[in-house]
Each structure stands twice: as C-alpha cells, then as structure tokens.
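Taking it in order: structure first as structure tokens, then the write-up.
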Amino acid sequence: MALRLSQWLGTTPEVWLRMQDACDLWQARKTKCPQVKPLKSRENACSPA
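Every letter in the sequence shown is one number past the one before it in the numbering used here, and letter 24, counting from 1, is 5.
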C-alpha cells in the first residue's frame, strides 16, 4: 500500500510507513496492557544450534 500511495502522490514509501508506525504506536500507548514481568534468568533459554 505504501508503494501505491507513494507513486500516486509523488512521495516515498518511507513517508507512509513512518506515518503508519506513528499511528500504531499512538494506538498501542492508548491501550491498557498488563504489566510484563522481566525474565528471571537466561540459564534455561535454548542455545542456538
């Protein structure tokens, strides 16, 4: 969609992607979400192959 808008309006796709990111962050900040608990340790994490 960003590519189509940029071609139609003579802008860059990055402009539209930045605006979408800003809108998404604004909406996320308005939404109450539960507290995220930090990880206790990384000892039990899987190691990369």
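We put the beta carbon where it would ideally sit given N, CA and C, even for glycine.
#1: Please classify Q16: does DSSP put it in a helix, a strand, or coil?
#2: By the three-class DSSP mapping on this structure, what secondary structure does M0 have?
#3: Short check: CB of P(-6) to CB of L(-16), under 8 Å?
#4: Can you tell me whether DSSP reads S22 as helix, strand or coil?
Let's see:
#1: For this step, residue 16 is matched to residue 35 along the sequence shown. Here Q16 sits in coil by DSSP.
#2: Taking the first residue of the sequence shown as position 1, residue 0 is located at position 19. If DSSP states are grouped into helix, strand and coil, M0 belongs with the helices.
#3: Here residue -6 refers to the residue found at position 13 of the sequence shown. Here residue -16 refers to the residue found at position 3 of the sequence shown. Yes, these two residues count as a Cβ contact at 8 Å.
#4: In the sequence shown, residue 22 corresponds to position 41, counting from 1. Coil.
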